[in-house]
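Number of protein chains: 2
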Amino acid sequence: MISMLRKSLVTMGLQMHSNLLARFKSNQEAKTALIILAPGAEEMEFTISADVLRRGNINVTVAGLDGCEPVKCSRSVVIVPDTSLEEALTKENYDVVVLPGGLAGNKALMNSTAVGDLLRCQDSKAGLIAAICAAPTALAKHGIGKGKSITSHPDLKSQLKDNYCYIDDEAVVQDGNLITSRGPGTSFDFALKIIEQLVGVETAIKVAKPMLWPYKC
Amino acid sequence: MISMLRKSLVTMGLQMHSNLLARFKSNQEAKTALIILAPGAEEMEFTISADVLRRGNINVTVAGLDGCEPVKCSRSVVIVPDTSLEEALTKENYDVVVLPGGLAGNKALMNSTAVGDLLRCQDSKAGLIAAICAAPTALAKHGIGKGKSITSHPDLKSQLKDNYCYIDDEAVVQDGNLITSRGPGTSFDFALKIIEQLVGVETAIKVAKPMLWPYKC
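Right under this line is the structure:
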């Protein structure tokens, strides 16, 4: 009897140990972000998103919409993606899909069937989708989150206000799995909001401080 | 006599017209900026500088410190320079030389003889020099502007305070031909200050507004 009790206690202990290890591992596993880089994307909105998320220990994949060749952005900064969107989509599910703005870049996002399919798939799993500046109109074009609260660059408001609850006076708006923001000057808060959601507010505070960004969570 | 007077008046008129045209042309001619991109540069500080200056109609050349191959920045964003620093220096004088930060990028700027020669040449003509984050220590290393008021990322203060009048509580500090700033979060104000100096405050205001940046001139 004592021997059986001892065996049960050992088994229970091992089980608890293994559960704790699994939970620790899952908490430790880096979150993942897919940022889609289209020709004509706004390079500040792209770069701030990629850099700040990486500072928050999020595993960022920069995927070129049209392949893995260098991409000329809206003010002629040329950026080399990590991979092509096609390749990136064969690999894993992403905790967040991020769409930078820029008028030409956003037009390309709107016209892409692959982006439409990806956004609808991410949305159906309630996965996080984040769009800034002009890019919320790509969400509208692909039928994502209609009726939700969003914001965008003020110049695009007229294209969004009929199908969304449009917020004028906030730098970043979150409604469920949608995070939207307004322009280059709100990009730091946009990226920090993604960190807040995926990693936690403590990490967002830690990331903001050495960047000298006056983050208010 | 009347014929000579008429001739003189016509000549004077033509001369004034030509002077006015020359002045108009010189005012209209775009100002030029050289941004040096070193491996390990802080990509937000680089991208915000390049993008904002171009929005201000400044003719920006992105020069790779080590050549014209793609440059991997501090958070793994890969940027293709317009040209190499060597090539850029054969072409023209620049109205401003801009040094982005990033610890590894700045170390490379400190160790470069070409950067030292360029900065001393620019300084001797009282040409504008702008450095952000860690990069003010490259100014110190190359003997630029000692005794002047400057700022930097707070982590670098100890390396600067003995040789400069170190300012802790301003996002951007200008003293004569030196403009210095603190980090990614102060990059918009840094770039707008350069526009203010080279193009004018009205242009800086016009550039800030659509970026949704709360610029205070």
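Protein chains in written order, with our numbering: chain A, -9 to 207; chain B, -9 to 207. Every residue, glycine too, gets a C-beta built ideally from N, C-alpha and C.
- request: Determine the chain A residues that contact B/D158 at a beta-carbon separation under 8 Å, and present them in chain order.
  value: On the second sequence, residue 158 of chain B is found 168 positions in, with the first residue counted as 1. What B/D158 touches in chain A: nothing, since even the nearest Cβ is about 12 Å away.
Span of the alpha helix (DSSP H), counted from its first residue to its last, around B/G95: Working through the second sequence from its first residue, we reach residue 95 of chain B at position 105. Here the alpha helix (DSSP H) through B/G95 covers L93 to M100.
Per-residue contacts from A/I69 into chain B (C-beta, under 8 Å): In the first sequence, the residue the question calls residue 69 of chain A occupies position 79. What A/I69 touches in chain B: V67, V68, I69 and V70.
- prompt: Shortest alpha-carbon distance to A/W208 belongs to which of B/A194, B/E186 and B/F178?
  reply: An answer regarding residue 208 of chain A cannot be provided, because it is not within the stretch -9 to 207 covered by chain A.
message: For the beta strand (DSSP E) containing B/G54, name the first residue and the last one.
response: Stepping through the second sequence from its first residue, residue 54 of chain B is reached at position 64. Per DSSP, B/G54 belongs to the beta strand (DSSP E) from N49 to G54.
field: Beta-carbon gap between A/M34 and B/D159 smaller than 7 Å
entry: Start at 1 with the first residue of the first sequence, and residue 34 of chain A comes out as number 44. Start at 1 with the first residue of the second sequence, and residue 159 of chain B comes out as number 169. Cβ atoms of A/M34 and B/D159: not closer than 7 Å.
field: Cα-Cα separation, B/L108 to A/A161
entry: Working through the second sequence from its first residue, we reach residue 108 of chain B at position 118. Working through the first sequence from its first residue, we reach residue 161 of chain A at position 171. Cα to Cα, the separation comes out at about 41 Å.
- prompt: Ordered along the chain, which non-local residues of its own chain (more than five positions away) have a Cβ less than 6 Å from that of B/S64?
  reply: Translated into the one-based positions of the second sequence, residue 64 of chain B becomes position 74. For B/S64, where only same-chain residues beyond five positions count, the Cβ hits under 6 Å are G30, E32 and G92.
message: Under 7 Å, Cβ to Cβ, is there at least one residue of chain B near A/L202?
response: Numbered from 1 along the first sequence, position 212 holds the residue referred to as residue 202 of chain A. Taking Cβ atoms only, chain B reaches closer than 7 Å to A/L202, which makes this a yes.
field: In DSSP terms, what A/A121 is bridged to
entry: Numbered from 1 along the first sequence, position 131 holds the residue referred to as residue 121 of chain A. Answer by DSSP bridge pairing, in chain order: A/L89 and A/T170.
task: Leaving aside the five residues before and after A/R44 along the sequence, list all residues of the same chain whose C-beta is less than 6 Å from its C-beta, in chain order.
output: Working through the first sequence from its first residue, we reach residue 44 of chain A at position 54. V50, listed in sequence order.
query: Span of the alpha helix (DSSP H) holding B/I195?
result: Looking up residue 195 of chain B in the second sequence gives position 205. That run of the alpha helix (DSSP H) goes V191 to A198.
task: Could you tell me whether any Cβ in chain A is nearer than 7 Å to the Cβ of B/V197?
output: As a first step, residue 197 of chain B must be located in the second sequence, where it is residue number 207. Output row for B/V197: interface = no.
field: Distance between A/V163 and A/C207 (C-alpha atoms, nearest Å)
entry: Looking up residue 207 of chain A in the first sequence gives position 217. Looking up residue 163 of chain A in the first sequence gives position 173. Computed Cα separation, rounded: 13 Å.
- prompt: So, helix, strand or coil for B/S66, using DSSP?
  reply: The sequence position of residue 66 of chain B within the second sequence is 76, counting from 1. Coil.
- request: Buried or exposed for A/S148, please, with buried defined as at least 16 other CB atoms from any protein chain shown within 10 angstroms of its CB.
  value: Here residue 148 of chain A refers to the residue found at position 158 of the first sequence. Exposed, since its Cβ has fewer than 16 Cβ neighbours within 10 Å.
Cα-Cα separation, B/H143 to A/G175: By 1-based counting over the second sequence, the position of residue 143 of chain B is 153. By 1-based counting over the first sequence, the position of residue 175 of chain A is 185. Spanning the two alpha carbons is a distance of roughly 20 Å.
message: 7 Å is my cut-off, CB to CB: does A/T193 come that close to chain B?
response: For this step, residue 193 of chain A is matched to residue 203 along the first sequence. Chain B contact via Cβ: absent.
query: Under a CB-based cut-off of 7 Å, is A/M100 close to chain B?
result: Your numbering for residue 100 of chain A matches position 110 in the first sequence. Chain B contact via Cβ: absent.
- prompt: Anyone know if the C-beta pair for A/A130 and A/L150 falls short of 7 Å?
  reply: If you number the first sequence from 1, residue 130 of chain A lands on position 140. If you number the first sequence from 1, residue 150 of chain A lands on position 160. For A/A130 and A/L150, yes; Cβs fall inside 7 Å.
query: What whole-angstrom Cβ distance do A/S171 and A/T141 have, given they're in contact under 8 Å?
result: Stepping through the first sequence from its first residue, residue 171 of chain A is reached at position 181. Stepping through the first sequence from its first residue, residue 141 of chain A is reached at position 151. Right, their Cβ atoms sit about 7 Å apart.
query: From B/A104 to A/K138, what distance separates their C-alpha atoms?
result: Numbered from 1 along the second sequence, position 114 holds the residue referred to as residue 104 of chain B. Numbered from 1 along the first sequence, position 148 holds the residue referred to as residue 138 of chain A. Spanning the two alpha carbons is a distance of roughly 55 Å.
Outcome for B/E186 when other beta-carbon atoms lying within 10 angstroms are tallied against a minimum of 16: Translated into positions along the second sequence, residue 186 of chain B becomes position 196. By the 10 Å Cβ count, B/E186 comes out buried.
- request: Taking only beta-carbon positions, decide if A/I38 is within less than 7 Å of chain B.
  value: Residue numbering aside, residue 38 of chain A sits at position 48 when the first sequence is read from its first letter. At least one chain B Cβ lies under 7 Å of A/I38.
- prompt: So, is B/A181 buried or exposed, given that buried needs 16 or more other C-beta atoms within 10 angstroms?
  reply: Walking along the second sequence from the start, residue 181 of chain B turns up at place 191. Per the 10 Å Cβ criterion, buried.
task: Please determine, among A/E59, A/T80, A/E76 and A/E77, the residue with the shortest C-alpha to C-alpha distance to A/V70.
output: Locating residue 70 of chain A in the first sequence gives position 80, counting from the first residue. Residue A/E59 is the option with its Cα nearest to A/V70.
- prompt: Under the DSSP definition of a beta bridge, which residues are partnered with A/A23?
  reply: Here residue 23 of chain A refers to the residue found at position 33 when the first sequence is read from its first residue. Its beta-bridge partners are A/V50 and A/V86.
- prompt: For B/G173, which residues from the same chain have a beta carbon less than 6 Å from its beta carbon, with the 5 sequence-adjacent residues on both sides left out?
  reply: The sequence position of residue 173 of chain B within the second sequence is 183, counting from 1. Here the set comprises C123 and H143.
- prompt: For the candidate residues A/I26, A/L27, A/L24 and A/S39, whose alpha-carbon lies nearest to that of A/A198?
  reply: On the first sequence, residue 198 of chain A is found 208 positions in, with the first residue counted as 1. That would be A/S39, whose Cα lies nearest to the Cα of A/A198.
message: By alpha-carbon positions, which one of B/D152, B/I119, B/A28 and B/N101 ends up nearest to B/V68?
response: Locating residue 68 of chain B in the second sequence gives position 78, where the first residue counts as 1. The option with the nearest alpha carbon to B/V68 is B/A28.
- prompt: Within 10 angstroms of its Cβ, does B/V189 collect 16 or more other Cβ (buried), or is it exposed?
  reply: In the second sequence, residue 189 of chain B corresponds to position 199, counting from 1. The residue is buried, with at least 16 neighbouring Cβ atoms inside 10 Å.
- request: Please state whether DSSP places A/T103 in a helix, a strand or coil.
  value: Walking along the first sequence from the start, residue 103 of chain A turns up at place 113. In the structure shown, A/T103 sits in a helix (DSSP, three-state: H, G or I).
query: Listing by chain order, which chain A residues have their CB less than 8 Å from the CB of B/T176?
result: One-based indexing of the second sequence puts residue 176 of chain B at position 186. Here the neighbours are L202.
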